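J.: The numbering used here applies: residue 851 is where the sequence shown begins, and numbers increase by one.
No residue lacks a Cβ here, since even glycine has one placed at the ideal position from N, Cα and C.
This one's a predicted model, so the numbers in the text were calculated from it and none came from an experiment.
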Amino acid sequence: MSATLSSWLHHDHRRYEGMLEECDLRAGVEDWKAVKRLFGELKSDLETHIRAENEVLFPAYEDLPGAPVAPTDALRAEHAEIGRLLRDVERLLAAQDSDLFTDALRHLDAAMTRHHEHEERIFLPMAGQALLASRDELLRRLEEYDRRRNPGA
851 MSATLSSWLH
861 HDHRRYEGML
871 EECDLRAGVE
881 DWKAVKRLFG
891 ELKSDLETHI
901 RAENEVLFPA
911 YEDLPGAPVA
921 PTDALRAEHA
931 EIGRLLRDVE
941 RLLAAQDSDL
951 FTDALRHLDA
961 AMTRHHEHEE
971 RIFLPMAGQA
981 LLASRDELLR
991 RLEEYDRRRN
1001 PGA
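The following block contains the structure:
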């Protein structure tokens, strides 16, 4: 399970990092149509990913006997920060000011990088083995979120 769960998280995390980088590049040449499309896709996908973690992954871990909730509480707080930063970036996108937009994008990137490190280096090693017994059901539920994000995939 932990390898599969790791693969699910790593794939999404790397994809989001690539999308942020592409938004930054497009904003640098003021290709606002492409930035709007890319950022809209990033925001939608990331919000779905966050819901999947908050509604499926974290509760599955927290339901385990003796599981500490401090790690998932911290990760949820990071999700809230990322949500706020997404809204900030979206607001600045409308202004089409590449300097302000790029600065806000870098704050979002830093928050996401920290969050990804916390999930991949702290939460996954701790939760992966503990969630092994419910692997198939957990992955099925996470994949449902992916299908909602990408209908027809």
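Given this structure, state the Cα-to-Cα distance separating residue 882 from residue 991, to the nearest angstrom.
T.: Whole-angstrom Cα-Cα distance: 35 Å.
J.: Which residue marks the beginning of the alpha helix (DSSP H) containing residue 906, and which one marks its end?
T.: No alpha helix (DSSP H) holds residue 906; DSSP gives it neither H nor E.
J.: How far does the alpha helix (DSSP H) with residue 974 in it extend, from its first residue to its last?
T.: Segment 974-980, the alpha helix (DSSP H) holding residue 974.
J.: The alpha helix (DSSP H) spanning residue 917 covers which residue range?
T.: Looking at the DSSP string, residue 917 is not in any alpha helix (DSSP H), and its letter there is neither H nor E.
J.: What's the gap between the Cα of residue 909 and the Cα of residue 988?
T.: Straight-line Cα distance between these residues: approximately 10 Å.
J.: By DSSP, does residue 939 sit in helix, in strand, or in coil?
T.: Three-state DSSP puts residue 939 in a helix.
J.: Which of helix, strand or coil does DSSP assign to residue 949?
T.: Reduced to three states, the DSSP call for residue 949 is helix.
J.: Helix, strand or coil: how does DSSP classify residue 881 here?
T.: In this structure, residue 881 counts as coil in the three-state DSSP scheme.
J.: Residue 911 and residue 980 look like a contact to me (Cβ under 8 Å); what is the Cβ gap, rounded to whole Å?
T.: Yes, residue 911 and residue 980 are in contact; Cβ-Cβ is about 7 Å, under 8 Å.
J.: Just to confirm my understanding: we take residue 928, look at its own chain, exclude 5 residues before and 5 after, and list those with CB closer than 8 Å. What are they?
T.: Same-chain partners within the cutoff: 961, 964, 965 and 968.
J.: Please report how far the alpha carbon of residue 970 lies from the alpha carbon of residue 862, in whole angstroms.
T.: Approximately 12 Å between the Cα atoms of the pair.
J.: Starting from the Cα of residue 866, find the closest Cα among 977, 926, 917 and 900 and give me that residue.
T.: Out of 977, 926, 917 and 900, 900 has the C-alpha closest to the C-alpha of residue 866.
J.: Beta-carbon separation of residue 943 and residue 951 under 8 Å?
T.: Against a cut-off of 8 Å, the Cβ pair of residue 951 and residue 943 comes out as a contact.
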